[in-house]
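A short worksheet on the structure shown next.
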Amino acid sequence: MIDFILLFFLVVCAIAAVRMKDLLSAIIILGAYSLVMAVVWTRMNAVDVAFTEASVGAGITSVLLLAALSRTQRGEDDRRRRTEDRRHDAEDTRQDMEDRRRGAEERRRKTEFSTRTKKTGISAHSLLSLIVVIVTGAVLVYGTIDMPDYGDPDAPANLHVAPRYIERSYKDTGAENFVTAVLASYRGYDTLGETTVIFTAGICVILLLRRKREQ
Amino acid sequence: MIEFIAGKYNYWIYITLMMVGFYAMIARGNLIKKIIGMNIFQTAIFLFYISVAKVKDGTAPILWDKAVIYDNPLPHVLILTAIVVSVSTTAVALALVIRIYKEYGTMEEDTILGMTENRERTGGN
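Chains A and B are the protein sequences, given in the same order. If you read the first sequence in our numbering, its first letter stands for residue 4, the second for the next number, and so on. If you read the second sequence in our numbering, its first letter stands for residue 7, the second for the next number, and so on.
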């Protein structure tokens with residue numbers, strides 16, 4: 004029963020995070036979602052994964068999202084409010100005519116574009132996305148009919164190589180935790196590759212966010 | 007029938023989660039919303055893998071002399087790696103969003119598309 008409640012809470016969190024207009028709220032809800040996910044994984048006895056999700060998923064991902072938000076803007080879909088702000092600014096500071104004319108032109112172009120999409124695009128687009136999502140979901144549900152039941156000990160995933168690792172990993176590596184044994188010993192090179200992925204991602208972020216030196 | 011639902015409803019909840027993320031990725035125009043959707047999508051897949059590893063009455067895959075049956079440790083290892091990779095992709099995606107915001111002053115996909123269209127029409131910047 005508790006498992007069902009947790010899973011239900013996950014779905015509620017996910018929908019709330021997607022529907023929330025305020026991006027800061029959406030990110031906080033996503034953090035709650037990750038933490039509930041960690042609890043679900045603890046319930047499924049995946050303790051190492053739960054730790055990682057609680058620290059990396061709920062922690063670092065939230066921090067990254069918040070950092071990105073602090074460098075951009077908080078609201079979603081606030082185009083109208085933004086142009087209004089700009090208009091007020093223009094009125095208040097009395098910028099020179101050239102600037103205002105250019106701003107008005109840009110604004111007109113922008114509103115022209117947004118009304119155009121609103122008339123033809125937006126609703127049709129989200130309706131089409133909804134259809135795509137429902138069809139994909141239905142196909143996936145159809146696929147689960149053949150899946151072994153949840154917790155089935157005779158599921159193919161649990162029969163082939165897994166028992167061998169459970170029997171031998173302590174003898175082979177001396178690690179009492181089978182997950183650690185596989186991660187750090189049997190698949191050590193793969194974990195090295197994983198750190199390479201993080202390194203590459205770090206370089207990408209630095210290259211993208213590097214400030215151009217003033218000439 | 008009830009047995010069938012009891013054995014499978016977990017998968018359907020994962021699919022629901024995944025589709026919520028998928029919808030956010032394709033229907034929402036805000037780029038940060040898309041990244042949030044991508045995160046939900048990824049964690050739903052992780053959840054699916056972890057649930058496949060669960061064995062009824064199994065204990066956590068750590069050596070214990072009272073254990074009768076262990077859960078399958080291999081999907082756990084796979085997902086440990088995947089979580090770290092997903093954080094890396096999120097970081098790169100967010101860096102791209104920040105760059106796009108610097109360039110266009112917005113994170114709304116349709117506004118950006120309109121601006122690029124305008125740019126092409128007027129020829130360059």
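Just so it is clear, CB atoms sit at the ideal spot from N, CA and C, and this is done for glycine as well.
Taking a C-beta distance under 9 angstroms as the contact criterion, A59 of chain B and T65 of chain B do not qualify as a contact pair.
With its beta carbon less than 9 angstroms from one in chain B, S37 of chain A belongs to the interface. For a Cβ distance threshold of 7 angstroms, nothing in chain B lies close to A57 of chain A: the least Cβ distance comes to about 10 angstroms. Residue contact with chain A for T122 of chain B: absent (no Cβ-Cβ distance below 9 angstroms to any residue of chain A). With a threshold of 9 angstroms between beta carbons, R171 of chain A makes no contact with chain B. With three or more CB-CB distances shorter than 8 angstroms, the stretch 42-53 of chain B counts as touching the stretch 84-102 of chain B. At a cut-off of 9 angstroms, the C-beta of I32 of chain B has a neighbouring C-beta in chain A. Taking C-beta atoms under 8 angstroms as the contact rule, L10 of chain A and I19 of chain B qualify, at a distance of about 5 angstroms. Residue contact check for A127 of chain A against chain B: no CB pair falls below 9 angstroms. Taking a beta-carbon distance threshold of 9 angstroms, S28 of chain A does not count as an interface residue toward chain B.
Straight through space, the alpha carbons of G120 of chain B and R213 of chain A are spaced by roughly 27 angstroms. Take C16 of chain A, set aside five residues on each side of it, and the residues of its chain with a beta-carbon closer than 7 angstroms to its own are I32, A35, Y36, V39, in chain order. D77 of chain B counts as buried, since at least 16 other C-beta atoms from the protein chains shown sit within 10 angstroms of its C-beta.
In this structure, DSSP gives T65 of chain B an extended state, which the three-state scheme calls strand. Under DSSP, N180 of chain A shares a beta bridge with B:I68. For R105 of chain B, the chain A residues whose C-beta falls within less than 9 angstroms of its own C-beta are L211, L212, listed in chain order. Look at Y153 of chain A here: in three-state DSSP terms it is coil, with no helix or strand label. Beta-bridge partners assigned by DSSP to E114 of chain B: B:N36. Excluding sequence positions up to five before and after D157 of chain A, its CB lies within less than 8 angstroms of the CB of P151, all in the same chain and listed in chain order.
Membership of M40 of chain A in the alpha helix (DSSP H) is indicated by the continuous run 26-46. What S188 of chain A touches in chain B, judged by beta-carbon distance under 9 angstroms, is nothing: the nearest beta carbon there is about 11 angstroms away.
For G43 of chain B, the number of other beta carbons within 10 angstroms of its own is at least 16, and it is reported as buried. In this model, F54 of chain B and A30 of chain B are separated by some 19 angstroms (Cα to Cα).
Proximity of M7 of chain B to chain A, defined by a Cβ-Cβ separation below 9 angstroms, is not satisfied. For I51 of chain B, the nearest beta carbon of chain A is not closer than 9 angstroms to its own beta carbon.
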